[in-house]
Amino acid sequence: MSWILLLIAGLLEIAWAAGLKSSDGFTRLWPSVFTIITALGSFVLLAMAMRQLPLGTAYAVWTGIGAVGAFIFGIVMMGEALTVARVASAALIVVGLIGLKLSSGH
Numbered sequence: 030m031s032w033i034l035l036l037i038a039g040l041l042e043i044a045w046a047a048g049l050k051s052s053d054g055f056t057r058l059w060p061s062v063f064t065i066i067t068a069l070g071s072f073v074l075l076a077m078a079m080r081q082l083p084l085g086t087a088y089a090v091w092t093g094i095g096a097v098g099a100f101i102f103g104i105v106m107m108g109e110a111l112t113v114a115r116v117a118s119a120a121l122i123v124v125g126l127i128g129l130k131l132s133s134g135h
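So, in structure tokens, the structure goes:
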């Protein structure tokens, strides 16, 4: 269950990162509200997942999901550059996340 909570927390991290970009520095009301709500949800679920998961693993996976997800969102939804170096770097993050999951013992 803790891994599911962590996954959802990571997905919410992607959402608040996208909302933060859309809020234009918290100058737009509804994107700002969305950002705050999704960030709080992400933090709460991360805290719940950390009850069972090691701190380093949980935090690294949470930030990794957010980083790779925001990377993909930026490319697909915001027209950001898709380069071999960026994809390779994101792939290294994914490999690291898999390694942390497999070695966590949970």
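Every position in the sequence shown, counted from 1, becomes a number in my numbering once 29 is added. Cβ atoms here follow ideal geometry from the backbone N, Cα and C, with glycine treated the same way. From a predicted model like this one, the values you see are computed outputs, not experimental measurements.
Query                                                                                                                                                                         : Result
Looking only at C-alpha atoms, which of Ala99, Thr67, Gly103, Gln81 sits nearest to leucine 41?                                                                               : Thr67
Taking the continuous alpha helix (DSSP H) assigned at arginine 80, which residues delimit it?                                                                                : Note, arginine 80: premise wrong, no alpha helix (DSSP H); not H, not E.
Can you list, in chain order, the residues of its chain with a C-beta nearer than 6 Å to that of glycine 98? Leave out the 5 residues immediately preceding and following it. : Ile43
Among residues of its own chain, excluding the 5 on either side of methionine 106, which ones have a beta-carbon nearer than 8 Å to its beta-carbon?                          : Ala47
May I ask you to report which of helix, strand or coil DSSP gives serine 71?                                                                                                  : helix
CA-CA distance, lysine 50 and methionine 30?                                                                                                                                  : 31 Å
Under 8 Å between the Cβ atoms of alanine 78 and leucine 34?                                                                                                                  : yes
Once you ignore the five residues that flank phenylalanine 129 on each side, which residues in its own chain have a CB closer than 7 Å to its CB?                             : At residue 129 the sequence reads leucine, which differs from the phenylalanine that was named. For leucine 129, where only same-chain residues beyond five positions count, the Cβ hits under 7 Å are Thr86, Ala89, Val90.
Return the CA-CA distance between glutamine 81 and valine 123, expressed in angstroms with no decimal places.                                                                 : 22 Å
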